[in-house]
Each structure stands twice: as structure tokens, then as C-alpha cells.
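Student: In terms of the working numbering, the sequence shown opens at residue 1 and continues consecutively.
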Amino acid sequence: MTSPFCTVACLGKPVPRAAFWRSLPFALVLAPSDGYDRNDGLPEVTGNMQFGNNFDFAEALRALQDPWDPDRRLAAAASISRWLAEAVATPEQVGEALAAHPDLVGSLVQALGDRHKGVQVHAAECLEVLAHFSPEVVPALRSALQSGDPWHAWAAAIVLARLNLWWPEMGPALAGAMGSRNRDLRWAAASLVLRLAERYGRPLADLAMAAARDPDPVRRKMAGYLVGEMGRRQYLEAEPVLLPLLEDPEPEVRRAGILALNRQPSLSPAARERLGQIAGADPDPFVRRTAAAVLSRRPA
1 MTSPFCTVAC LGKPVPRAAF WRSLPFALVL APSDGYDRND GLPEVTGNMQ
51 FGNNFDFAEA LRALQDPWDP DRRLAAAASI SRWLAEAVAT PEQVGEALAA
101 HPDLVGSLVQ ALGDRHKGVQ VHAAECLEVL AHFSPEVVPA LRSALQSGDP
151 WHAWAAAIVL ARLNLWWPEM GPALAGAMGS RNRDLRWAAA SLVLRLAERY
201 GRPLADLAMA AARDPDPVRR KMAGYLVGEM GRRQYLEAEP VLLPLLEDPE
251 PEVRRAGILA LNRQPSLSPA ARERLGQIAG ADPDPFVRRT AAAVLSRRPA
């Protein structure tokens, strides 16, 4: 596999360091919504932090670890992120910062577990860039998967996945994120599993199929949509996984299974028969209408 420290796979394509920052769609949400918009005006860290060659990393790192003031942590994470955005065009500056501040990577990995969404987002941005420059980033992210903190593990897995990297220990974290009550997080996780499946194949298909049998109905629902898209792309045979979802006690899971079947190139007679039964007799009117609509658009 190509080393992530020279080029990183962004959307499935190797991206040179200089183009990496500009190419990333930093829109994934890594924690429950708290109203943070990364385009909002950000509070500045009080102290001696400045941009350019005079940027005070020591002050920023102290602020990033402030246990009492989330706004100060947010300002520090945002400031480091902005400094990297400017410095990435001159890699020697980044190398000098890493050499002068050996705790930089560890502090940012720790910040991935911050309950403030903005701190997580900016820390993730920084780590995605620093993976080009430091061999410490990826091992530190892999260690964070075992932190015991689901927020921390989900964030670390998402950063690794956005670097287009995969190890089996990422599976539980990504599957866990697919069950999040935060809509953005679960769709981000499912989208990244799909993207990884294009490169790594069967382990990601197995993850999706296992999630379809999970006790958590939110995870089963998301797995239904994911399996449907994997089936459309022929990463797996979807219908045997989706048909049991039509018998799920949760209406949203049944509906996900129906919509996922609609994405398949063809429907078997058994699937058509079951959709017809659901259209006429499911206790949920929304599920009935969904099944009827699919059948009307998929003539035999």
C-alpha cells in the first residue's frame, strides 16, 4: 500500500501534499450537534499566539488541553488548523513544528475525544494533514481506537477512513458510529465504509452485513441503506441480507430494506411477492406506501 506520509488517498485518488488541504471536503460531523458551524466567527486564544513564523504552538497546545474552557480549546484547535492550512505549502515549516513540539500529534489525537464538536473537527483536519509529515499520526490514531471512549474511537476511525486506510480494529468503531443518534455522524460513517469497500472489499461488506443483524435498530436501518448501495455496486449480493429486514419489528428498518431493494439491478420473484404483501398489509402506512411505490416503479 502507498505510504500515507507521501501522498494520501482522498476520494480514492492519491493527492500530493500541496493539493491535499484544498481538496478535502471538511464537512463530516464527528460529535453530537452543539450548534457549531466551522464558518462562524471563532473566539481567539488569549495570549501570545500569532500566525506565520511567530505562531506560538506552546500556547496553543496549553489552550487545547484546558479542562475548563471549551471556547479556549476551540480557538486553539482552530488556530492550529489555520496555521497548517498556510504552512502546508512550505513543508519545512511543518517539519520544524513537529520537531519543536513532540507533543503536537498526541495532543491533537487526544482532542479527537473532546465533547465539543468544533474541537473534534479541527483536530481531525490537523491530523489528516500531519499524516503526510509524521509517521506518528497513524499509529496514534490506531491506539485511540482502543481508548474505551466511543467518541474518541469513532473520531479516530473516521480520520483513518478519510485517509483511505483500513485495519480490522476500525470495524467496531465505524459500526458503532453507524448507530449514533446524530444523523450526520451515522451517515458519515456509512459513507466512509462504502468508500473503503471500493478499495478493501470483503471485510467492509462483512461489516455491513453484520450491522444488518445488530440489536440496535438505528444500526440495522443504516446497514440496510449501506447494503443496498453495496449491492447496486456489486460489492455483495444484497437481497439475502435485505429480505430479513422486511420482517423487522421497527418500521424504519423495514422501510430502509424496501428502499435498498429498490436500488438493486433486479428483484427476485420472492422479493416482489413479499413487497406486494407488505404494500397490502404492513401495519405502518408509510411502509405500505413505500412498498407500493417501489413495485409501481419496478415492473416485472
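All residues carry an ideal CB built from backbone N, CA and C; glycine is no exception. Since this is a predicted model, take the numbers as computed values, not measurements.
1) For leucine 259 versus alanine 271, is the C-beta distance shorter than 7 Å?
2) If I measure Cβ to Cβ from proline 217 and keep anything under 6 Å in the same chain, skipping five residues before and after, which residues do I get?
3) Taking the straight line between their C-alpha atoms, what separation do you get for arginine 219 and methionine 170?
4) With DSSP collapsed to three states, give me the class of leucine 305.
5) Quick check on DSSP: helix, strand or coil for alanine 144?
6) Cα separation between leucine 267 and arginine 199?
7) Report the three-state DSSP secondary structure of glutamine 65 (helix, strand or coil).
8) For glycine 148, count neighbouring C-beta atoms within 10 Å of its own C-beta (all shown protein chains included) and say buried if the count is 16 or more, exposed if not.
9) Does the segment 128 to 141 come close enough to the segment 156 to 163 that 3 or more CB-CB pairs lie under 8 Å?
10) Would you call the segment 190 to 208 and the segment 168 to 182 in contact, with 3 or more CB pairs under 8 Å?
11) Got a sec? Which residues, its chain only, sit under 6 Å from valine 241 by beta carbon, not counting five neighbours each side?
12) Helix, strand or coil for phenylalanine 133? Go by DSSP, reduced to three states.
13) Could you check what DSSP says for threonine 290 in three-state terms: helix, strand or coil?
14) Could you name the residues of the same chain whose beta carbon sits closer than 7 Å to that of valine 137, not counting the 5 residues immediately before and after it, in chain order?
15) In the structure shown, what three-state DSSP assignment does glutamate 169 receive?
16) In chain order, what residues of the same chain have a beta carbon less than 8 Å from the beta carbon of serine 107, not counting five sequence neighbours either side?
17) In whole angstroms, what is the alpha-carbon distance linking proline 70 and arginine 202?
18) Which whole runs of the alpha helix (DSSP H) in the segment 154 to 231 are 4 residues long or more, in chain order?
19) Pick helix, strand or coil for leucine 295, following the three-state DSSP scheme.
20) Between Leu246, Gln264 and Pro265, which lies nearest to glycine 257 when the distance is taken from Cα to Cα?
21) Return helix, strand or coil for leucine 261, following the three-state DSSP convention.
22) Quick one, are the C-beta atoms of histidine 122 and alanine 156 less than 7 Å apart?
23) Which whole-angstrom value describes the C-beta separation of tryptophan 151 and glycine 113, a residue pair presumed to lie in contact below a C-beta threshold of 8 Å?
24) Could you check what DSSP says for aspartate 248 in three-state terms: helix, strand or coil?
25) If alanine 116 sits next to arginine 73, beta carbons under 8 Å apart, how far is it from one beta carbon to the other, in whole angstroms?
26) Pick helix, strand or coil for alanine 89, following the three-state DSSP scheme.
27) What separation, rounded to the nearest whole angstrom, lies between the Cα atoms of isoleucine 80 and leucine 174?
Tutor: This is what the structure holds:
1) The residue labelled residue 259 in the question sits at position 259 within the sequence shown. The residue labelled residue 271 in the question sits at position 271 within the sequence shown. Going by C-beta atoms, leucine 259 is not nearer than 7 Å to alanine 271.
2) Here residue 217 is taken as the residue at index 217 of the sequence shown, counted from 1. Here the set comprises Glu250 and Val253.
3) Reading the sequence shown from its first residue, position 219 is the one you call residue 219. Reading the sequence shown from its first residue, position 170 is the one you call residue 170. Their backbone Cα atoms lie some 16 Å apart in a straight line.
4) With the chain running from 1 to 300 in the structure shown, residue 305 is simply not present.
5) Numbered from its first residue, the sequence shown carries residue 144 at position 144. Alanine 144: helix per DSSP, three-state reduction.
6) Within the sequence shown, residue 267 is the residue found at index 267, counting from 1. Within the sequence shown, residue 199 is the residue found at index 199, counting from 1. C-alpha separation (whole angstroms): 27 Å.
7) As a position in the sequence shown, residue 65 is number 65, starting the count at 1. If DSSP states are grouped into helix, strand and coil, glutamine 65 belongs with coil.
8) In the sequence shown, the residue the question calls residue 148 occupies position 148. Its Cβ having fewer than 16 others within 10 Å, glycine 148 is exposed.
9) yes
10) yes
11) Translated into the one-based positions of the sequence shown, residue 241 becomes position 241. Contacts found: Met209, Ala212 and Val227.
12) Looking up residue 133 in the sequence shown gives position 133. Coil.
13) If you number the sequence shown from 1, residue 290 lands on position 290. The answer is helix: DSSP assigns threonine 290 an H, G or I state.
14) Stepping through the sequence shown from its first residue, residue 137 is reached at position 137. For valine 137, where only same-chain residues beyond five positions count, the Cβ hits under 7 Å are Val105, Leu127, Leu130 and Ala131.
15) Indexing the sequence shown from 1 puts residue 169 at position 169. Coil, per DSSP.
16) As a working mapping, residue 107 is identified with position 107 in the sequence shown. So the qualifying residues of the chain are Leu61, Leu64 and Gln65.
17) Your numbering for residue 70 matches position 70 in the sequence shown. Your numbering for residue 202 matches position 202 in the sequence shown. Taking the straight line from one Cα to the other gives about 41 Å.
18) 170 to 178, 183 to 200 and 202 to 211
19) Residue mapping note: residue 295 aligns to position 295 of the sequence shown, counting from 1. Looking at leucine 295 - three-state DSSP - the assignment turns out to be helix.
20) As a first step, residue 257 must be located in the sequence shown, where it is residue number 257. For the residues Leu246, Gln264 and Pro265, the minimum Cα distance to glycine 257 belongs to Leu246.
21) In the sequence shown, counting from the first residue as 1, residue 261 sits at position 261. The answer is helix: DSSP assigns leucine 261 an H, G or I state.
22) For the purposes of this step, residue 122 is identified with residue 122 of the sequence shown, where counting begins at 1. For the purposes of this step, residue 156 is identified with residue 156 of the sequence shown, where counting begins at 1. Going by C-beta atoms, histidine 122 is not nearer than 7 Å to alanine 156.
23) The residue you call residue 151 lines up with position 151 of the sequence shown. The residue you call residue 113 lines up with position 113 of the sequence shown. About 6 Å separates the two Cβ atoms, so the contact holds.
24) As a working note, residue 248 is residue 248 in the sequence shown. Coil at aspartate 248, not helix or strand.
25) Numbered from its first residue, the sequence shown carries residue 116 at position 116. Numbered from its first residue, the sequence shown carries residue 73 at position 73. The sequence shown places histidine at residue 116, not alanine. The Cβ separation is near 6 Å, so the contact holds.
26) Here residue 89 corresponds to residue number 89 of the sequence shown, with the count starting at 1. Looking at alanine 89 - three-state DSSP - the assignment turns out to be coil, as it is neither helix nor strand.
27) On the sequence shown, residue 80 is found 80 positions in, with the first residue counted as 1. On the sequence shown, residue 174 is found 174 positions in, with the first residue counted as 1. So the alpha carbons of these two residues sit roughly 27 Å apart.
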